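Chemist: So the sequence shown is numbered by this note's numbering: it starts at 15 and just counts up by one.
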Amino acid sequence: MSKTVRARLRFLVRMVCRARAARRDAGMVTSEYAMGIVAAVAFAVALYQVVTSGAVAAELQDIVKRALSAGT
């Protein structure tokens, strides 16, 4: 075989191997899903605490009152 053909074959073999490796590692396992859910819940709890704090709740109520009274 010529050098060009060998080089192309090597390139194709490398590409096939990379594609197979990518498919093997394409998804998350159960433990990764669990950690993702725990992180999302922790973020939601922190966000809830911020939104329900006194200063933020008062600002949100003020925004809603201004929005409702803007039409009148």
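Here a beta-carbon is modelled for each residue, glycine too, at the ideal position from N, C-alpha and C. Owing to the predicted nature of the structure, the values given are computational and were not obtained by experimental measurement.
1. Near M49, what residues of its chain come up, given a Cβ to Cβ distance below 8 Å and the 5 sequence neighbours on each side ignored?
2. Please confirm whether V55 and V64 have their CB atoms less than 8 Å apart.
3. Taking the C-alpha atoms as reference points, what is the distance between A68 and I51?
4. Under three-state DSSP, which class holds T44?
5. Give the range of the alpha helix (DSSP H) segment to which A72 is assigned.
Modeler: This is what the structure gives:
1. Locating residue 49 in the sequence shown gives position 35, counting from the first residue. Hits under 8 Å: none found.
2. Looking up residue 55 in the sequence shown gives position 41. Looking up residue 64 in the sequence shown gives position 50. Not in contact: V55 and V64 (Cβ atoms no closer than 8 Å).
3. The residue given as residue 68 occupies position 54 in the sequence shown. The residue given as residue 51 occupies position 37 in the sequence shown. It should be noted that the sequence gives Gly, not Ala, for residue 68. Cα to Cα, the separation comes out at about 28 Å.
4. On the sequence shown, residue 44 is found 30 positions in, with the first residue counted as 1. DSSP places T44 in helix when its eight states are reduced to three.
5. Taking the sequence shown and counting its residues from 1, the one referred to as residue 72 is at position 58. Start and end: 68–83.
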